[in-house]
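Heads up, the thing below is written out as structure tokens.
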Amino acid sequence: MMRFFVTGEQNRQLLMNTLILMFLVYVALLWISNGLMYFHKMNLNVDSVLAYYLGSEQEFTQPRSYQSLLEVTHFHLFAMGMLVLTLTHLMLMTHLPTLVKVWLSVIVYGSAIADEAAGWLVLFVHPGFAYFKIAAFLTLELSLAVLIIVVIISLLQARKRLS
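If you're matching positions, the sequence shown starts at 13 in this note's numbering and goes up one per residue.
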């Protein structure tokens with residue numbers, strides 16, 4: 013214990029802990045805005061997903077174009093990849109059992125990819141993939157929330173141990 017005070021390591025640990033907590037607050041805001049953006053365009057009703065991707069005569073909207081999906085996918089693949097990589101890396105420092113860490117990682121990566129692929133599948137393969145889009149979105153949001161909460165709890169427990 014004395015080593016931490018002599019070397020100043022407890023201050024570095026506290027600073028790192030604080031920076032990660034601030035990052036997680038930022039990610040929580042991103043998580044909220046992701047949900048708000050989804051519900052601004054669609055809801056959990058299959059018809060709303062179909063109307064968004066395939067267009068709607070009643071609402072006078074056009075189907076999504078290949079180019080618009082490509083632009084969104086290009087940005088999302090990088091951004092979501094970095095977010096998921098960072099969150100799963102932070103999760104590695106928690107005291108969760110290894111098998112739980114593996115499964116949570118598989119679920120969050122899989123749902124992020126599925127969420128991106130679902131729009132393409134609805135538009136170019138079959139409208140029935142609208143159900144897949146809804147499931148992928150909900151799974152992604154839930155798994156991101158679990159990661160955020162698990163890491164926050166772990167960091168708060170570490171802060172208690174440091175003080």
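Backbone N, C-alpha and C fix where the C-beta goes; we use that ideal spot for every residue, glycine too.
Count the other C-beta atoms from every protein chain shown that fall within 10 angstroms of the C-beta of Val37, then say buried if there are 16 or more, exposed otherwise.
exposed
Identify every residue that forms a DSSP beta bridge with Ser68.
Looking at the DSSP output, Ser68 sits in a beta bridge with Thr73.
By the DSSP assignment, the alpha helix (DSSP H) with Thr98 in it spans what residues?
78–103
Would you say Val158 and Leu108 are within 8 Å of each other, going by their C-beta atoms?
no
Is it true that the CB of Met103 sits closer than 8 Å to the CB of Leu116?
yes
When DSSP labels each residue in this structure, what does Thr106 get in the three-state scheme?
coil
Taking just the CA atoms, how far does Ala142 sit from Gln70?
19 Å
Hey, is the stretch 117–124 in contact with the stretch 23–34, meaning 3+ C-beta pairs nearer than 8 Å?
no
Please tell me whether Ile146 and Val61 are closer than 8 Å, where the distance is taken between their beta carbons.
yes
What separation, rounded to the nearest whole angstrom, lies between the Cα atoms of Leu66 and Val134?
8 Å
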